[in-house]
Each structure stands twice: as structure tokens, then as C-alpha cells.
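Student:
Protein chains in written order, with this note's numbering: chain E, 177 to 472; chain Y, 177 to 472; chain U, 177 to 472; chain F, 177 to 472.
Quick look at the structure:
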């Protein structure tokens, strides 16, 4: 299939490469020449604006952008995607943004005859490279069914979350809970160790009991508990603290808009804000445990 | 074996019954006559004080008491267990109390030649009745090995957590994380639903993603997501909010003693304190979700 | 002077009336006919759009709008103020909005030759009616000096807070602290009373000690401590909880943009969000004490 | 008058000296010889135990001890004050402890005919030396009236807070509010400055507006705003962060006992716990602002 792809950064780049590997033709755009060159070298055709992607013969366009303001600019600007795209071309936004903006853009696209879904991902840059991302998809049943085979070239878990915007809702809710759990595990592990317990034994008890969670059994932040996690390699790699901070910001902002209290979510955001303000935003998000160990 | 058992309440009662079923002889004591009668009817021998239990021919004495002050009174009072127990008799305290008190009492027992372990449980009254409790044990390797077969008559998961007091440490750390996770799930579920998502679909996404935790996949607080959980029956039964509040109080108190910050833990305690102060302490602890739904 | 005034709600209406009383001519606009009629009856000239205000002979235009999006629309829309206003006409925005938007709009106004200051107020509807508002002004020394006599017709405390946007900064910082203090007083008063102390005696001790603050000595939320405060009349009147919630939202959002942690500020926002979600947004903001008294 | 004085530390020492200056005879005890020597040099008579103070001819005994466990030991131990004191001798405890312990000890003293009041102080070591302390007194009207002239030799503000224990209640409530306010001011000042405002101007606005509080107008934590405060001298001197942490611990513990939520109070405690765990406990409590400035 002829596919347009806008946004070739740490996530978008490897995702686009997986589409090429799956045999698709790609028309790509990014502001960073080096990012574009990687795709050209792999066989993609590069153009110089979102509008040019829209005017190409792409039957489907995917965007992967940093924040809502970029999504608005790329889709809604005077010379943006919606102004130039052919009626009937399908649109997929894989950016992580607030549900309201996602719904607003998708509604405008639908109005002019371009079916659009939101499909944010989890799985990090490693998952993007390996093609093992999880896609959380918001849109109609039919649009989801249509997109599924294509998304399967970039991920292994393609989940339909309901109507437009719900992909973003699922991501924001999951990641808020993830941030809370990670800090909870950090507090519980540090407390137990400060009270005299061995970290591995404590993790073992928790993982077979009611405190069990992904942050404890799969991604434990306490050094020495698990191998092959960021805590085992100085908190490098993984899912950056700044990305968690961004997602917690989306969660508390969305909560404000629907006037839904999120006490622990808001405190988790503040703790990541503190951690990032101290210069640790590029560490893996499990490094938040350092806030609790007097090492920072 | 001849066993002494002090504390025959909601937890201790069924635990003692399971020991009788396993063929042991029991000498029991409790302040509440009705609780004692149940055990007499089942074949136990009742006496009228902890001291009388200590002076019986019990080779091992188990205590299951509400709080640290009761443990101190039963063991350390002038006419308490330690003053009357025969040297060499083993002691097991299954109460949930702070690690410091557990260590203090065990040290005094050991000094006079009575090996003592702390062995708090999880699993609730249902687990106590079914004999499926988890025991978190603090004490020497030898004392753990000796107690294990006996504890296996009352539980199915007997975990050695390290030296004296570490059973309490494990429980307090696990339950603090549990309280945080439960509130985190409550916030995430309510946020997702307020933003337009179906609760079951959202739980499905979380449970197969990085937000996965026991409070979400096994004990989800949102009505209609799981069957056979308190949320499916008006939050009756289960693990009471007041018990969670007690455990969060133990966690923050222990954290204060070792000067270890527990930000989310302290906020979780306050939220359960609010919930209990509003008269909801007897509901299952997953009912905390009602703090977030404007129904309270 | 000929003055334009846009936004004649609970605050803007009485402010505009005070300008009329001071002898100025007013050209006014609001979307709500009834609000406009009050001003017409008092001698103002009404027009039908912001653009019409801009095209009138007003030498200075004041806006008093609910939120940043209204400010952006009124000033920056295609047919908005900036598109139609005569070069040299001075602009004053008294809306409470985020500092970034205030600076962005003022910069655009300045670029085209219209000096603009931000001048949010405190003092509530009573202060607006009585002409006793406090104005917190951001803008150049010269622009402040020019505006001061005019603002003095509507307020008694005109404070220069520094360059453009700093009026908003001052307001957001002050009101975040106010929200925190009010909840702090609510917690301290309820705690003291629950521990057996008389509320008036406790307030007396606090007010002559280091806990002294405006929320305690001037606006105490505990019923029976002060007369002539909302707590003495069922929390009616005053500064609404929803307005405090809005200001705390501005504070946490601004903090996010400059990555400055505000832990208590964020928790205060969540507590007001809880209180509003329970249907209490129209009560005075000191009613937050009800969150702590088991009455809600 | 012949007065007994137990506890001659940073606070008790200078308080006892002021009693000598006022012409009283003192019989003193402390565990630290150097602290005792200062009083001997000033004319006091030293003895070697609390019991010896009790058996002296003191008509009134004052205690100033670090924590509740010391108060319990000094008053209630087998060879403690109550066991040896003559019926009718008056007792004043100026230690800062939880209200429950204060009431328990006072009740036991009253039972055996020794009128006892709780009279914790504020004002710090400087106030103790200058004789300008504030005494918050819990006890009967008659006992307060009797003690007042004597307390006036050590302080200038003697406040009757109601029945036994209420001195402690007043102190704990006031200091919890103080801790919250101080962190609130730290957040508001740092936020305003990060958003571009001058610290002195911001403090000026706050101090004449609704954010006004003792922590802002008398003890501002932002360097350069006020002279003669700890912030102007590297946060040395003043009221130590560890003392604030202790008082917040008393407040949250008392709140737990009466099941009264104190959300901001609990978070304030955690923030001071974090700050102390990082090694800053000896700095003045206004240094908590450093938690927010990325300097720690």
C-alpha cells in the first residue's frame, strides 16, 4: 500500500522502517533531515511538507508527533493535512495527546470524508524497533478493522478501546496508574529495606501477594532485584522520566476538564516534576526511586 | 501437638479450628465468651488467662491480637505469657503490628529461652476459614523450619521473610503498596470512564499493559468489571477499609521511625482516614473508589 | 475619557458602573443582553461586537473575561480587537488568565502600537461594587503610571508587579498560597476541635502565633469564630470554590510550563476538584472545611 | 519560691536561668553534667535524679523534656516524680508531646493530689533566653491562674487554652498550620520567581493581600526578601527542620487517633521527612524551600 508517514523521531522512525520491511511504499516527512535520510536510505520517498504528503498518492497517512500543538498544526493549519488530503484517504494519529484534541481533529477529518483513528502506542523505542508495540485504538469498529492489519506490521497487540479519542483515554489512564504504581513500588521497596529486609526477598513476597504489579514483577526499580531492567544498568534506556511526566500532565489536565479528582495522580506528577527539575528527566522513569533514597 | 491459642476473633477463631481439624490439642483463651465457646464445642480446652495458657502443657503458643498494645500486654505484663511460660516453649505471634514492637517482644522471649517468630497473615477471614492464608514469617531459619508444618495447617503460602520482625516488614510494605495501587486503580478507572471509555474495556487494556496490578486484574473496584469481588456485591465482605487504614498507619509510623519518606503512602492513609471518618470503615477497602465518584 | 469595556459579568459590570460614576464615557459590549442593559440604563453606549468597540472613539479599552480562550478570541480573532483598534489606543486586560497567554497577547498588541497591560483583580464582587478592588498590574513603568488613575476609579490598591504578565504571576502565586492556607486552616481548626479545644480559643492562639494568616484571622472557615464571613452565613457569597479551583488550575498549569514543583498547590487543586465534583462549586471557597468534617 | 526544674537543654537551660534571675531558688536535674554546671554556676542546687527533685522542698516542679517517652519515664517510672513528690506540690510540663499522653500523666498527678498543667512553648531558643516565650497552657482555670505569674518570668505571652492537654492541642494545631504555610510560601515564591517576578515585589503583593501569613511577612524563606531571618544567613539558627518534623509527626499521630483527616499536614510531614533524610534536619525549617529549587 502507498502510505504517508509524518514524524520520524525515536518512535516514528523505526515504526516507518517496519512498514517498509512489510513491503509498503512510503512517502515521508520530518523537519530533521537526518531522520528523513534514514528512511530514504531504506527506500522511502521524501517530501518537504505535510501538504506534500497529503497530495501524494498515499491511501493512508500516519502521524507520530510530540504533542497536541504539533498535531493541531500538522492537521489543521492552513497548509496542513486536512486542507490538502484527498477525500477518502484514511488517517491514523499515533501521537500521545489529550483525548479532547484527538476527538476534535478526528471530527474535522470525518466531516470532510477522511476516516481518522487515534492509535497511541506503548512499548518504547525498543518495541518500535522490534515491531512489538501495543496500539490503543479509538475509532469506529469499521475503521479499527481496516487499520488493524497495517498496525500489525508495527505492533503485536492491537486493542480497540472504543470510539474516537478512546485510544488516548486508555493510554492516559494506564500510564497514570503506571506512574502511581512505580512510585508506590519505590516507596514500598525502600521502606522495607530501611526496616531491615532484603530487597529480593521483599520483591518476592510482593510479587506473590496483593501488592503485585508490573512495576514490581517486571520492571522493579530497586537495583539488584531484576536483571535486564533499567535499574540494573544505571537507569539508562527504557521509558524516560520526562515522557512519564508528559503523560501525567495529560492525565491531570484531562481530569481537570472532566472535573474528576486524581489525588495520587497529581502527586505523582509533582514528584516526577521535582525529579525532572533536578536534571534527571532523561533517566528511565523507574529512577524516581532515587527521590526516596537520599542520593539525589 | 499440644498448642496454646490466644485471640479467637474473626481471624484467630477459624485458624484455631483448622488446627483442631488437623488433629492438634488446643488450650485456648479469649476475653469474649462466645468466641471461646465455638472452640470448646469443637473440642478445645479453655482457660481463663494468658498465664493459664502459659502454664498448660502446650509446647507452642500462638497469638492473634488486634494491635501492638494487646501484644505487649499479653506477652510482657506481670502476669503475662513470658512471666509464666516454660523455657523452650515456642511462640508465634500472628498479629499485625509494627516491626519494632515485634522485635522487642521476640528479643525478650529469646533471652529467656523461648524461640519466637512473627507470622502475620494475609488472606482475610475467608482465607482463615479455608486454611489458605499466606504467612509472612520473621525469625531464624531454624525457627521458621520448625513452624512451617504447623502453619501449613492454617495456610498454603508460608514465606520466610528473614530475621525477627521481617514478617511484619513484609506485610506493612506489601499492604502500603496495595493501598496505593487500589486508590490508583480507582482514580484511573474513574478517569477513563469520565472521559468516555467503557469500564470493562479499560480494565482489559490495563490488565494487559503496564498498569496491570492485583487491584486491577483480581480485585477491580469498579462495579461491573469483575464478578465475585466486593465491587460486585455492594462492597460487603472482603478486607475492611478500617483494616487497610490500620495497616497504612503502621506503614507511615514505621517510615517515620526510620525517616523514610512515603509520600503516596501518607496520602493513601489520609484518603482512607477521610473515607472511614465518613462512616465507611466497615465496607471493603475497594469501596474507596466512592471517594472519587461524587456518591459520598 | 472615552473608554471601551468588554465583559460585563459579575465583576466587569460593577467595575464599568464605577467608571461611569467617575465621569467617563463608556462604549460597552457583552454577549448577555441583560448585562448590557444595566450599563445602558446607567448611561453607557452599547455596541454589538468587540470590533465595534475597537472602531469606536475609545482611547482605552478594558476587558474582563472568564478565561484565556475568551481573551484570545476577543483580542486575536480575525474580527477581534487587535484587527480593528486604532494605533495608540491603550489596552487593559483585567481577566485572570495564565501569564504566558497574557504576555503573548500583550506582545502582539505592542507590536502594532497598542500599549497593553495585564491587571487582574482581587476583592470579589463586593470589592468590584464598592470600588475597593486590588489591581495587580504587569507592564512597563510608563504604562502602569498612565493606567493608575483610571484603575483607581475601580480599586483602592493598585500594585505594579513588574513587566508584562507579572500581574497574572502575582495573582496566581497569591491565590495558590491562599488556597493552601485556607485548607491548612481548615485542617488545623478541625484537628484542634476534634482534640477537645474550643474553636474561638484556638483561632485566638493561632492568630497571635506563627500560624497566623489571612485565612485564619480575617476569613476563618470554622463556623462561629468570626462574624461577617461566609462561614457565619452558610458559606454563601464571597469567593466561590469554583473560582479558587480555576486559579489553582492556572497555578499548576503555569508550574508545569516552567517545571516548578508545587506539591501542596497540586493537592489543594485536587481537594477543590473533589469538593466541586460533589456539587459545592458555588459555595464560598472557605466551605472546603466541610471536606474535613464528615458532613459531605 | 523553691522550684524544681528537670531538663536543662537548649530550651530548659535558659528558662531555668530566667527563674533564677527572677529571684527563685532552683533544684535542678539533667543527665548532661555540662548543662547542670551552667545552672550551678548561676546559683542553682543540683541533685542526681527526678526523685531527688521530688524529695526536695520545691513547691512546684517544671519539666522540659524532648518527647513523650521521656515525660512518661520522668513522671511515671517506679522511682519517678509521682512516686516521690509531696501531695500538693504543683507540676508544670513544658515539653511538646501528644495531648493524650499529657492528659494521661496530668490525670494521674491530679489523682494523687498534685495539680498539673501542660504548658508547651513557642519562640525558640532565642525566646527562651530573652524570656519572651509564648506558653500555651492546658489545665483548670485555677491552676492556670496560679501558674501565670511564674510563667511570666520566662515568657511574655501566657495563653490559657482550656482543660488539661489543650496546651498541647493548641501547639500541635498551630505548628501543623505553620509547616503547611511555610511550604505554601516556598512554593508560591519559587513559582512566582520562576515565572519572571521579583521576589521582593511578589512578597510585597502577598503580604498586602489574601496570601498574607507569618511565614511570608515575618519569616519569608526566600533569600533576599527579609533581613534578620534565617534565609538571610544560610538558614542557620531559628527553629530546626527536625523540630518541625517532630511537631508534624505529633499532629498526624493525634489526627490518626481522632480519625481526623489532615491531607496537607500529612504531605507537609513527608516533605520535611524527605528534607531531613537528605541531611538537612539541623537547618532552620524555612530551608524547606530548597526542596523546590533544585539545589538539593
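The beta carbon of each residue, even a glycine, is placed where N, CA and C say it ideally should be.
Which of the three DSSP states, helix, strand or coil, is assigned to residue 451 of chain Y?
Tutor: helix
Student: Can you tell me whether residue 471 of chain U is buried or exposed, with buried defined as 16 or more other CB within 10 angstroms of its CB?
Tutor: At residue 471 of chain U the pLDDT is 43, less than 50, meaning the model places this residue with poor confidence and gives no usable figure here.
Student: What residue ranges within the segment 284-349 of chain E form continuous beta strand (DSSP E) runs of no fewer than 3 residues, ordered along the chain?
Tutor: 292-294, 309-313, 331-336
Student: Got a sec: is the Cβ-Cβ distance from residue 386 of chain F to anything in chain Y below 9 angstroms?
Tutor: no
Student: Label residue 467 of chain F either buried or exposed according to how many other C-beta atoms from any shown protein chain fall within 10 Å of its C-beta, with 16 as the threshold for buried.
Tutor: buried
Student: To which residues does DSSP link residue 221 of chain Y through a beta bridge?
Tutor: Y:203
Student: Using a beta-carbon distance below 9 angstroms, is residue 472 of chain E in contact with chain U?
Tutor: Residue placement at residue 472 of chain E is poorly supported in this model, since its pLDDT is 35, which falls under 50; the coordinates still yield a value, given next. It does not: the Cβ of residue 472 of chain E has no partner Cβ on chain U nearer than 9 angstroms.
Student: Please name the residue or residues paired with residue 178 of chain E in a DSSP beta bridge.
Tutor: Beta-bridge pairing by DSSP links residue 178 of chain E to E:201.
Student: Mark residue 229 of chain Y as exposed unless 16 or more other C-beta atoms lie within 10 angstroms of its C-beta, in which case mark it buried.
Tutor: buried
Student: Counting only beta-carbon separations shorter than 9 angstroms, does residue 374 of chain E have a partner in chain Y?
Tutor: Taking 9 angstroms as the CB threshold, residue 374 of chain E lines the interface with chain Y.
Student: Tell me, please, whether the CB atom of residue 436 of chain E is closer than 9 angstroms to any CB atom in chain Y?
Tutor: yes
Student: Return the residues of the segment 248-278 of chain E that lie within a Cβ-Cβ distance of less than 8 angstroms from chain U, sorted by chain order.
Tutor: Taking 8 angstroms as the Cβ-Cβ cut-off against chain U, none of the residues of the segment 248-278 of chain E qualify.
Student: Provide the residue span of the alpha helix (DSSP H) that contains residue 382 of chain U, from first to last.
Tutor: 375-383
Student: Using a C-beta cutoff of 9 angstroms, does residue 450 of chain F count as contacting chain E?
Tutor: yes
Student: Using a Cβ-Cβ cutoff of 8 angstroms, what residues of the segment 412-440 of chain F are near chain Y? List them in chain order.
Tutor: 425, 428, 429, 431, 432, 435, 436, 437, 438, 439
Student: In chain F, which residues lie with their C-beta within 8 angstroms of the C-beta of residue 453 of chain Y?
Tutor: 435, 436, 437
Student: Going by Cα to Cα distance, which pick from F:335, F:371, F:395, F:274 is closest to residue 433 of chain F?
Tutor: F:274
Student: If we define contact as Cβ-Cβ less than 9 angstroms, is residue 460 of chain U a contact residue for chain E?
Tutor: no
Student: From residue 216 of chain Y to residue 381 of chain E, what distance separates their C-alpha atoms?
Tutor: 36 angstroms
Student: Are the C-beta of residue 395 of chain E and some C-beta of chain F separated by less than 9 angstroms?
Tutor: no
Student: With DSSP collapsed to three states, give me the class of residue 263 of chain F.
Tutor: coil
Student: Tell me the residue span of the alpha helix (DSSP H) that contains residue 428 of chain U.
Tutor: 417-433
Student: Whole-angstrom Cβ separation of residue 292 of chain U and residue 267 of chain U, contact assumed at under 8 angstroms?
Tutor: 4 angstroms
Student: Considering only the alpha carbon of each residue, which of F:255, F:184, F:444 lies closest to residue 301 of chain F?
Tutor: Nearest C-alpha to residue 301 of chain F: F:184.
Student: Which value, in whole angstroms, describes the spacing of the CA atoms of residue 284 of chain F and residue 226 of chain Y?
Tutor: Here the alpha carbons of residue 226 of chain Y and residue 284 of chain F stand approximately 28 angstroms from one another.
Student: I need the straight-line Cα distance from residue 355 of chain U to residue 378 of chain U, nearest angstrom please.
Tutor: 21 angstroms
Student: Using only the alpha-carbon positions, how far apart do residue 351 of chain E and residue 181 of chain Y sit?
Tutor: In this structure, the straight-line span from the alpha carbon of residue 351 of chain E to that of residue 181 of chain Y is close to 47 angstroms.
Student: Residue 394 of chain U to residue 280 of chain U, Cα distance in whole Å?
Tutor: 36 angstroms
Student: Would you please verify whether the beta carbon of residue 215 of chain E is less than 9 angstroms from any beta carbon of chain F?
Tutor: no
Student: Measuring alpha carbon to alpha carbon, tell me which of F:435, F:321, F:212 ends up nearest residue 417 of chain Y.
Tutor: It is F:435.
Student: Within 10 angstroms of the Cβ of residue 177 of chain F, are there 16 or more other Cβ atoms? Answer buried if so, exposed if not.
Tutor: Around the beta carbon of residue 177 of chain F, a 10 Å sphere encloses fewer than 16 other beta carbons of the protein chains shown; the residue is thus reported as exposed.
Student: Within 10 Å of its beta-carbon, does residue 363 of chain Y have 16 or more other beta-carbons around it, so buried, or fewer, so exposed?
Tutor: Its Cβ being crowded by 16 or more others within 10 Å, residue 363 of chain Y is buried.
Student: Tell me the residue span of the beta strand (DSSP E) that contains residue 236 of chain Y.
Tutor: 236-239
Student: What is the rounded straight-line gap between the Cα of residue 462 of chain Y and the Cα of residue 410 of chain Y?
Tutor: 10 angstroms
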